[in-house]
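Numbering (our numbering), first residue to last: 32 to 418.
To start, the structure under review is shown below, and the notes come after it.
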Amino acid sequence: MPDSKTPDFYNIEALLSEDERQVRDTVARFVDDRVLPIIAECFEKERFPEELVPEMAELGLFGPTFTDYGCAGLNNVSYGLIMQELERGDSGVRSFASVQSGLCMYPIHAFGSDEQKQRWLPSMAKGEAIGCFGLTEPDGGSDPGTMKTRAEKRGGDWVLNGAKMWITNGSIADVAIVWAVTETGVRGFLVEKDTPGYTTRDIAHKFSLRASITSELFFDNCKIPVANELPKTSGLGGPLSCLTQARYGIAWGGVGAAMACYREACEFAEQRVLFGSPLSHKQTIQLRLADMLRRITTGQLLALQLGRLKDSGDMHHTHVSLAKWNNVRLGIDIARDARDLLGAGGISVECCPVRHMLNLESVITYEGTETIHQLIVGREITGFAAF
Ligand code: TGC
Ligand code: FAD
32 MPDSKTPDFY
42 NIEALLSEDE
52 RQVRDTVARF
62 VDDRVLPIIA
72 ECFEKERFPE
82 ELVPEMAELG
92 LFGPTFTDYG
102 CAGLNNVSYG
112 LIMQELERGD
122 SGVRSFASVQ
132 SGLCMYPIHA
142 FGSDEQKQRW
152 LPSMAKGEAI
162 GCFGLTEPDG
172 GSDPGTMKTR
182 AEKRGGDWVL
192 NGAKMWITNG
202 SIADVAIVWA
212 VTETGVRGFL
222 VEKDTPGYTT
232 RDIAHKFSLR
242 ASITSELFFD
252 NCKIPVANEL
262 PKTSGLGGPL
272 SCLTQARYGI
282 AWGGVGAAMA
292 CYREACEFAE
302 QRVLFGSPLS
312 HKQTIQLRLA
322 DMLRRITTGQ
332 LLALQLGRLK
342 DSGDMHHTHV
352 SLAKWNNVRL
362 GIDIARDARD
372 LLGAGGISVE
382 CCPVRHMLNL
392 ESVITYEGTE
402 TIHQLIVGRE
412 ITGFAAF
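Laid out in structure tokens, this is it:
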């Protein structure tokens, strides 16, 4: 029985279609059988389990909502359930899929030429080509409008100079979607791995997302053919719309991480006998587990309704901000509390809460920090941008 259904206090199961349940259970089995047995070691050794990529592709986990280019054609609720299950395994594995689908395949699909789509989307769906997304720069990620990376037209090519920082999948990517300032505003470029002047360097010694590759990207007079410019986007709205896709998945993922921590806390509380009875019989332990369940249930319902809004075309990016903020916040709080509930053993990599807790320190920062999402919602309420 996959872990995917628990907890399900409000019978959310009944709100899913048969297809949605099937997708979730398939990914749940993959996570139970293939991710969980190796993830603690990957985390400890700072290794991304790249060997899982072909299997993830086989399951249709890359670009799953597209109906063309060999993609699975699933709805957005199914996509969310995939992200929930992957992050129940590890945020690093979910991150890989988020970047591949939401941050790389999405902009090529939405803003690319026919040639760019034909060249990249089928191979990305098969996991044969890997993408990364370069928006953040060393001088500050929250305000990408002030980016310094520049592209200038010289002769028939673009010439790219600058640097990107904290880029997931950077050094293993076959293609980087790089956002740069041009004379006519921000534009997106497909920078191929072997482009002269393009180099990457991995960021080591992370205490978070250790089973994920994070890199710096450097561009030193890189010649980018005009054919590698994304033709159908200009301005910051393009990259920000990609963030909406990835943030949507994270809103589901935060709940998945919380579900894993809650389960481990419940099991421990039943088994651990102290002062003559299991921990689960103590009032304050029950209060803590009840509070975890309350938060998970509200997060599950929020994610599901967000998905229904996305599927009906009624989702606004502010809805996503509220859900990313709420569900990553509940994930990190539950992970920290579950870590404490497990006592000293809770600091071991053998227990999932400490790994999720550390991972979620990245997740609460990337794709818009918690403060940025609060300010996005604040702007929606007041009409005043207080960034
Ligand atoms: P602003 O004036 O708000 O917007 C400019 C234009 O963009 C439109 N827009 C969006 N469109 C779609 N989705 C969104 N989320 C959008 N947000 C804004 C907006 O309507 C406007 O369009 P138009 O036609 O009127 O021009 O721009 P601003 O400069 O004031 O932006 C403010 C702010 C703070 C919200 C934005 O800069 C922001 O979101 N900052 C956070 C940056 C961020 O999240 N970076 C993430 C980098 S990628 C990453 O972290 C990957 S981790 C992946 C992983 O491993 O999982
Ligand atoms: P800053 O923007 O410098 O923010 C610092 C602090 O100031 C934060 O607490 C923030 O909330 C606060 N702050 C910012 N603005 C305001 C304000 N107006 N008012 C009040 N407080 C404010 N980026 C990519 O482009 N691609 C990737 O693939 C990618 N992967 C990542 C993977 C990892 C593991 C991590 C950790 C980050 C990744 N990022 C990626 C970068 C991420 O998007 C940025 O870290 C994030 O946007 C925040 O930027 P920053 O780290 O520069 O913090």
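No residue lacks a Cβ here, since even glycine has one placed at the ideal position from N, Cα and C.
Every value quoted in this text rests on a predicted model; they were computed, and no experiment measured them.
{"Item": "Please identify the residue among 326, 348 and 228 whose C-alpha is closest to the C-alpha of residue 363.", "Value": "326"}
{"Item": "By the DSSP assignment, the alpha helix (DSSP H) with residue 107 in it spans what residues?", "Value": "107-120"}
{"Item": "Given a cut-off of 8 Å on the beta-carbon distance, is the pair residue 355 and residue 282 in contact?", "Value": "yes"}
{"Item": "Starting from residue 68 and walking both ways along the alpha helix (DSSP H), at which residues does that stretch end?", "Value": "67-76"}
{"Item": "Based on the DSSP secondary-structure assignment, which residues constitute the bridge partners of residue 216?", "Value": "213"}
{"Item": "What are the boundary residues of the alpha helix (DSSP H) that residue 409 is part of?", "Value": "401-413"}
{"Item": "For residue 401 and residue 307, I'd like the C-alpha separation in whole angstroms.", "Value": "42 Å"}
{"Item": "Anyone know if the C-beta pair for residue 143 and residue 93 falls short of 8 Å?", "Value": "no"}
{"Item": "In chain order, what are the residue ranges of uninterrupted beta strand (DSSP E) at least 3 long that sit wholly in the stretch 328-388?", "Value": "none"}
{"Item": "Identify whether residue 450 lies in helix, strand or coil by the three-state DSSP scheme.", "Value": "Within the shown structure, residues of the chain are numbered from 32 to 418, placing residue 450 beyond reach of any answer."}
{"Item": "Comparing alpha-carbon positions, which option in 149, 67, 279 and 148 lies nearest residue 399?", "Value": "279"}
{"Item": "For residue 402, verify whether its CB is less than 7 Å away from any heavy atom of ligand 1.", "Value": "no"}
{"Item": "Would you check whether ligand 2 has a heavy atom nearer than 7 Å to the C-beta of residue 163?", "Value": "yes"}
{"Item": "Less than 8 Å between the CB atoms is what I'm expecting for residue 202 and residue 239, so what's the real figure, rounded?", "Value": "With a Cβ gap of about 18 Å, residue 202 and residue 239 do not count as contacting."}
{"Item": "Does the beta-carbon of residue 327, which I'm using as the reference point, lie nearer than 7 Å to any heavy atom of ligand 2?", "Value": "no"}
{"Item": "Under 8 Å between the Cβ atoms of residue 161 and residue 192?", "Value": "no"}
{"Item": "Return the bridge partner residues of residue 184 from the DSSP annotation.", "Value": "189"}
{"Item": "My output table needs one value for residue 416: the three-state DSSP class, helix, strand or coil.", "Value": "coil"}
{"Item": "Among 350, 392 and 315, which residue has its Cα nearest to the Cα of residue 372?", "Value": "315"}
{"Item": "Can you tell me the Cα-Cα spacing of residue 62 and residue 79, whole angstroms?", "Value": "15 Å"}
{"Item": "Counting along the chain, where does the beta strand (DSSP E) carrying residue 241 start and finish?", "Value": "It is not in any beta strand (DSSP E) - residue 241 carries neither H nor E in the DSSP assignment."}
{"Item": "Any idea if residue 41 is buried or exposed, counting beta-carbon neighbours within 10 angstroms, 16 or more meaning buried?", "Value": "exposed"}
{"Item": "Could you tell me which residues DSSP pairs with residue 233 in its beta bridges?", "Value": "246"}
{"Item": "Apart from the five residues on each side of it in sequence, which residues of its chain come closer than 7 Å, Cβ to Cβ, to residue 155?", "Value": "93, 94, 131, 135, 136 and 162"}
{"Item": "In terms of residues, what are the limits of the alpha helix (DSSP H) holding residue 163?", "Value": "That residue, residue 163, is in no alpha helix (DSSP H); its beta strand (DSSP E) goes 162-165."}
{"Item": "Three or more C-beta pairs under 8 Å: does that hold for the stretch 265-280 against the stretch 107-127?", "Value": "yes"}
{"Item": "Verify whether the separation of the beta carbon atoms of residue 180 and residue 97 is less than 8 Å.", "Value": "no"}
{"Item": "Straight-line CA distance for residue 233 to residue 244?", "Value": "7 Å"}
{"Item": "Looking at the structure shown, is residue 221 part of a helix, part of a strand, or coil, going by DSSP?", "Value": "strand"}
{"Item": "Compare the beta carbon distance of residue 220 and residue 252 with 8 Å and say whether it is the shorter of the two.", "Value": "no"}
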